[in-house]
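K.L.:
Dropping a structure here in structure tokens format, bear with me for questions.
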Amino acid sequence: MRFSRQFSRRFSRTGVLITKGFLLTYLILCALTPKISAGKEAGKESDKKDPKKLTAPAGVWIESLNKPLAAGTQFSLNILVGNEMQPIDGLFGISFELHYSSSTYLEFVEPVEATAGPFLEPDTYTFTRHEPENQIFFLAVSRKRGAAGQSGYGQVMQLLARITKGAPPLWPVCFEIKNISANDYAGTAVPVQAGPSLCLTVADTPIDVMPNPFTPNDDGSNDQVEFKRDGGMPGNWSILIMDRSGRAIKRLTNGEYFWDGRNEKRHKMLPGIYLYAVHNGKQTIKRGLLWLIL
Numbered sequence: 146m147r148f149s150r151q152f153s154r155r156f157s158r159t160g161v162l163i164t165k166g167f168l169l170t171y172l173i174l175c176a177l178t179p180k181i182s183a184g185k186e187a188g189k190e191s192d193k194k195d196p197k198k199l200t201a202p203a204g205v206w207i208e209s210l211n212k213p214l215a216a217g218t219q220f221s222l223n224i225l226v227g228n229e230m231q232p233i234d235g236l237f238g239i240s241f242e243l244h245y246s247s248s249t250y251l252e253f254v255e256p257v258e259a260t261a262g263p264f265l266e267p268d269t270y271t272f273t274r275h276e277p278e279n280q281i282f283f284l285a286v287s288r289k290r291g292a293a294g295q296s297g298y299g300q301v302m303q304l305l306a307r308i309t310k311g312a313p314p315l316w317p318v319c320f321e322i323k324n325i326s327a328n329d330y331a332g333t334a335v336p337v338q339a340g341p342s343l344c345l346t347v348a349d350t351p352i353d354v355m356p357n358p359f360t361p362n363d364d365g366s367n368d369q370v371e372f373k374r375d376g377g378m379p380g381n382w383s384i385l386i387m388d389r390s391g392r393a394i395k396r397l398t399n400g401e402y403f404w405d406g407r408n409e410k411r412h413k414m415l416p417g418i419y420l421y422a423v424h425n426g427k428q429t430i431k432r433g434l435l436w437l438i439l
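Residues 146 to 439 (our numbering) make up the sequence shown, in order.
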């Protein structure tokens, strides 16, 4: 009986303590809940205001080429919009200017007209106006009436061009997109931005110098050294032959591509080591040594 009364008193005390503990926990949670909710809402608001978390406008850019182009090569200027990280939303039509830095060794494939890329097809309209005197193309492409806008990224236009055969090695040309305007099917502006410019250079065409050493002894074998290049030596190029002191011995011009071991006065040169330098009219593009043996 005494044990029962002691147990009851202990249980009552324990129950009071437990009840007080639950009540304290409940009051703490009630006090913290508004702060937690406010923190979540503040986090959402900060996400909206954080410029780093805002999606930048999709870019309009020219697909890069993997390597320099050889003279006489035809290539495609592929105009793309958006990418996987920055897609465009609801694009229906787009217009822009395509500027190029030089036309000296650049030509556009006839008929000079840009075509629509697969991103906005099928059923598209295109517009092309070329001002060669200003080195500008005015280009536009749009889906036909009743079609929906396209979301994502891809190629919107294509323009074919060619590096002319007379282009010297390392000749550069750059393309840049400016003044872009884009809209959805309702005519509402779609935000876009110009991507980086694209610069190309003409490949440095290999020049083979052979045979080297050569033996100009008039025996019919290896009597002259030749400078061989695909397409031949352009008329404005020159090849200067010098002795080891740098004194000019012979200059090959107007497409000449071989040296027979004689100077400008047609005198035979002594055996030894000579220097050569190939100029393209603006710069030296190749230099090296020649071995003359008799």
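Virtual Cβ for every residue (Gly too), placed ideally from N, Cα, C. As the structure is a prediction and not an experimental result, all values here were calculated from the model.
Would you check if the stretch 430-439 and the stretch 352-362 touch, i.e. whether three or more CB-CB distances between them fall below 8 Å?
P.N.:
The stretch 352-362, when compared against the stretch 430-439, does touch it at the 8 Å Cβ threshold.
K.L.:
Hey, how far is the Cα of Leu304 from the Cα of Glu258?
P.N.:
Each residue's Cα considered, the two are about 7 Å apart.
K.L.:
May I have the straight-line CA-CA distance separating Asp388 from Thr260, to the nearest angstrom?
P.N.:
Each residue's alpha carbon lies about 56 Å from the other.
K.L.:
Taking DSSP as the reference, what is the three-state secondary structure of Gly417?
P.N.:
Strand, per DSSP.
K.L.:
Can you find the residues in the same chain that come closer than 6 Å, C-beta to C-beta, to Trp316, ignoring five residues on each side of it along the sequence?
P.N.:
Hits under 6 Å: Tyr250 and Val347.
K.L.:
With DSSP collapsed to three states, give me the class of Arg389.
P.N.:
Coil at Arg389, not helix or strand.
K.L.:
Please list the terminal residues of the continuous beta strand (DSSP E) segment that includes Met355.
P.N.:
Element bounds for Met355: Ile352 to Met355.
K.L.:
Are the CB atoms of Thr350 and Pro314 within a distance shorter than 7 Å?
P.N.:
Yes, these two residues count as a Cβ contact at 7 Å.
K.L.:
Within the same chain, show all residues whose beta-carbon is closer than 8 Å to that of Arg432, passing over the 5 residues directly before and after it, in chain order.
P.N.:
Correct list, in chain order: Leu420, Tyr421, Ala422 and Val423.
K.L.:
Measure the CB-CB distance between Ser246 and Val318 and report whether it falls below 7 Å.
P.N.:
It is a contact, given that the beta carbons lie within the stated cut-off.
K.L.:
Considering Cα atoms alone, identify which of Gly332, Ile322 and Thr309 is closest to Gly294.
P.N.:
For the residues Gly332, Ile322 and Thr309, the minimum Cα distance to Gly294 belongs to Gly332.
K.L.:
Between which two residues does the beta strand (DSSP E) harbouring Ala327 extend?
P.N.:
Looking at the DSSP string, the run of the beta strand (DSSP E) that includes Ala327 is Pro317 to Asn328.
K.L.:
Around the Cβ of Lys395, are there at least 16 other Cβ atoms within 10 angstroms (buried) or fewer (exposed)?
P.N.:
Buried: at least 16 other Cβ atoms inside 10 Å.
K.L.:
Ignore the nearest five residues each way along the sequence and tell me which others in Asp329's own chain have a CB closer than 6 Å to its CB.
P.N.:
Counting only Cβ-Cβ distances below 6 Å, and skipping sequence neighbours, we find Gly235, Phe237, Gly294 and Val335.
K.L.:
With DSSP run on the structure shown, which of helix, strand or coil describes Ser383?
P.N.:
DSSP places Ser383 in strand when its eight states are reduced to three.
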